[in-house]
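Residue 23 in this note's numbering is what sits at position 23 of the sequence shown, and the numbering runs on without skipping anything. Heads up, the beta-carbon is just placed ideally off N, CA and C, and yes, glycines get one too. Here the structure is a predicted model, which is why all the values come from computation and not from measurement.
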Amino acid sequence: MRRPSLTLAVSLAVVCVASTGRADEPPSGAPGPRTVPSSLAPSSAKYQNPEMRIAGIVLTSLGIVSLATAGAVLAWASTDRDSGFAGMASLVIVMPLSAVLAAVGAPLWAVGASPPAPPAATARPSWALPSVAGGPRQATLRWTF
Numbered sequence: 001m002r003r004p005s006l007t008l009a010v011s012l013a014v015v016c017v018a019s020t021g022r023a024d025e026p027p028s029g030a031p032g033p034r035t036v037p038s039s040l041a042p043s044s045a046k047y048q049n050p051e052m053r054i055a056g057i058v059l060t061s062l063g064i065v066s067l068a069t070a071g072a073v074l075a076w077a078s079t080d081r082d083s084g085f086a087g088m089a090s091l092v093i094v095m096p097l098s099a100v101l102a103a104v105g106a107p108l109w110a111v112g113a114s115p116p117a118p119p120a121a122t123a124r125p126s127w128a129l130p131s132v133a134g135g136p137r138q139a140t141l142r143w144t145f
């Protein structure tokens, strides 16, 4: 009987090794990189916060993968009588942790991927901001129109 943990470990090692390989340099007769006219280039303000979006994608992906892995370990542990600790560890530790990762990552992904607000919507008129002054035993709040 093959152990799923060994299969998962080998699969993960193969994927990690395969993803770190570098592409060969193009042949000497190959044309150089093409430039895109600025009118056709994508705008840099496509997302509200690209870093937040990428962090959300990574956290959500890790949560989904760890949930699937914990489910596989739990299924394997339920058929093998000698692996009670592995099943309990995946049920008690890994599954809630993967749910937390996905629960944190999904809102990060959604908020970071939303389109940026137009500049006019974020500007406040001068009358909307009060002036606040304070001193010992007093505070003043003043709005001028």
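>> Tell me which residues share the same chain as Ala102 and place their Cβ nearer than 8 Å to its Cβ, disregarding the 5 neighbours each side in the sequence.
In response: What you label residue 102 is simply residue 102 of the sequence shown in a count that begins at 1. Excluding sequence neighbours, Ala102 sits near Leu59, Thr60, Gly63, Ile64 and Leu67.
>> Residues in the same chain with beta-carbon distance under 6 Å from Arg142, minus the five sequence neighbours each way, listed in chain order, please.
In response: For this step, residue 142 is matched to residue 142 along the sequence shown. Once the five neighbours on either side are set aside, the close Cβ partners of Arg142 are Ser131.
> Got a sec? Which residues, its chain only, sit under 8 Å from Gly105 by beta carbon, not counting five neighbours each side?
Replying inline: Your numbering for residue 105 matches position 105 in the sequence shown. Counting only Cβ-Cβ distances below 8 Å, and skipping sequence neighbours, we find Ala55, Gly56, Ile57, Val58, Leu59, Thr60, Ser61, Leu62 and Gly63.
> What is the C-beta distance between Met52 and Gly112, in whole angstroms, given that I count them as a contact (C-beta under 8 Å)?
Replying inline: Counting from 1 along the sequence shown, the entry for residue 52 is found at position 52. Counting from 1 along the sequence shown, the entry for residue 112 is found at position 112. For Met52 against Gly112, the beta-carbon gap comes to about 3 Å, under 8 Å, which counts as contact.
> So the beta strand (DSSP E) Thr144 belongs to, where does it begin and stop?
Replying inline: Your numbering for residue 144 matches position 144 in the sequence shown. Thr144 -> no beta strand (DSSP E), and no H or E assigned at all.
>> Determine whether the beta carbon atoms of Ser114 and Ala70 lie at a separation below 8 Å.
In response: As a position in the sequence shown, residue 114 is number 114, starting the count at 1. As a position in the sequence shown, residue 70 is number 70, starting the count at 1. No, the Cβ-Cβ distance between Ser114 and Ala70 is not below 8 Å.
>> Can you look up Ser66 in the DSSP assignment and give me helix, strand or coil?
In response: One-based indexing of the sequence shown puts residue 66 at position 66. Here DSSP, grouped into helix, strand and coil, assigns Ser66 to helix.
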